[in-house]
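The block underneath contains the structure these notes are about, expressed in structure tokens.
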Amino acid sequence: MFTKKMFRMNFDKIIAFCSVLLLVLSSWNSLAATALNSNEIDKSHNKIPSYMKPGTIITFDENGKLIILSEGSDNLVSLSKEDKKIAENCKPLPEEDLPEVEPGMIVVYDALGAPVVIHQGQEEPLKIDLKEVKLDEIKTNDSKSEKIENKANDDENSNNILQQGAIKLNTETGYISWYNGEGKKGAAGVILDSESAAHKTIKFWTRVKVTSLENGKSTTVKILDRGPYVQGRILDMVKTAFSKIHNPSKGIFRGKIEWPIQS
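In case it helps, mature numbering (1 follows the signal peptide of the UniProt record, and there is no 0) puts the sequence shown at residues -32 to -1, 1 to 231.
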């Protein structure tokens, strides 16, 4: 009897010890996982995400936590083989070149998933130092595109000074896409209309002429947002403005912008 009693007491002690050990290990794992998740959130939300599904709209709370207001879709546009190649060469910017997260900031992701800041979450203008990125352009044998670009350059040379104020006309060539910003309050503090557009650095309210180097069509837009933050892309237009030059299902085109343009 004594032997059985001692065995039972030792067995009970072993069970109790194992239970306590399992509880300690479980608590330690939980704390470690919480710390890891916290570090991941802080790191990933220090800068706005460089890519999300096209059409996605996000914001950030007072702690910088990302909140998805509307989820986009990968089927927003139907790119041709040539346009897919262009899009693949327009790589996301390095993290250090993306805007920092601000509480209340609202970001819309354009037709190709690049971010456009439509509400900065702060009163002062968005401050960001951008490195100049030179992207090797995709060469094409399309003589029509070359003729259109040459004509655009000739027009620039003949109109490089505006009629009043002797203001120099600035130009930039690159790729242009569109985003669903119309009807929303833009980064400039007003509701975006059918002539709104986003550029990384051009001053708000500047009027910009946009010319497609693929078909020669052009339109005029106002800079009211910031973006797109992606290499090789110079401008994002609201869908209505984009449709004046190309079918929105195209998603992207090679174009030229000129500014400032008089009303």
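Think of the CB as a built atom: it goes at the ideal place given N, C-alpha and C, for glycine as much as any other residue.
Less than 8 Å between the beta carbons of M73 and V84, yes or no?
no
Using DSSP with H/G/I as helix, E/B as strand and the rest coil, what is P22?
coil
Coil, strand or helix - F221 by DSSP:
strand
CB-CB under 7 Å to T179, same chain, minus the five flanking residues each way: which ones, in chain order?
A120, S186, G223 and K224
Just list the residues that DSSP pairs N14 with in beta bridges.
For N14, which the question treats as bridged, DSSP gives no partner whatsoever.
Drop a sphere of 10 angstroms on the beta-carbon of I213, count the other beta-carbons inside from all chains shown, and report buried for 16 or more, exposed for fewer.
buried
Check D42 in the structure and name its three-state DSSP category.
coil
For the pair the stretch 26 to 39 and the stretch 50 to 59, tell me if three or more CB-CB distances fall below 8 Å.
no
So if DSSP puts G195 in a beta bridge, which residue, or which two residues, is it bridged to?
Answer is none; G195 lacks a bridge partner.
Are the CB atoms of I202 and E140 within a distance shorter than 8 Å?
yes
Apart from the five residues just before and just after L94, which ones in its own chain have a Cβ nearer than 8 Å to its Cβ?
Per-residue confidence for L94 stands at a pLDDT of 46, beneath the threshold of 50, marking its modelled position as unreliable; the derived number appears in the next sentence. Cβ neighbours of L94 beyond the five flanking positions: P67, V85, Q88, A155 and R194.
K52 versus E63, E30, P71 and F221, residue with shortest Cα-Cα distance
F221
Just the Cα atoms here: how many angstroms apart are P228 and S164?
15 Å
Presumed contact (8 Å Cβ cut-off) between Y197 and A82, rounded CB distance
6 Å
Contact belief for F172 with I191 at Cβ below 8 Å, rounded distance in angstroms:
6 Å
Could you give the distance in angstroms between the alpha-carbon of Q131 and the alpha-carbon of I16?
Legend: pLDDT at Q131 = 48, less than 50; position of this residue unreliable, no value from coordinates given.
For D29, I'd like the list of residues in its chain whose CB is within less than 7 Å of its CB, leaving aside the five on either flank, ordered along the chain.
I35 and P71
Alpha carbon to alpha carbon, how far is G184 from T208?
18 Å
Can you tell me whether F172 is helix, strand or coil according to DSSP?
coil
Is it right to say N43 is buried, meaning 16 or more other beta carbons lie within 10 angstroms of its own, or is it exposed?
exposed
Below 8 Å on the Cβ atoms is my contact criterion, and I expect S217 with V45 to pass it. Report the Cβ-Cβ distance as a whole number of Å.
6 Å
Can you tell me which of L61, S18 and N14 puts its alpha carbon nearest to the alpha carbon of N31?
N14
Can you tell me which of L137, T27, T174 and P62 puts its alpha carbon nearest to the alpha carbon of S18?
P62
Rank N215, E226 and Y147 by C-alpha distance to the C-alpha of K136 and give the top, closest one.
E226
For I25, count the other beta carbons within 10 Å of its own beta carbon; 16 or more makes it buried, fewer makes it exposed. Which is it?
buried
Helix, strand or coil for E226? Go by DSSP, reduced to three states.
strand
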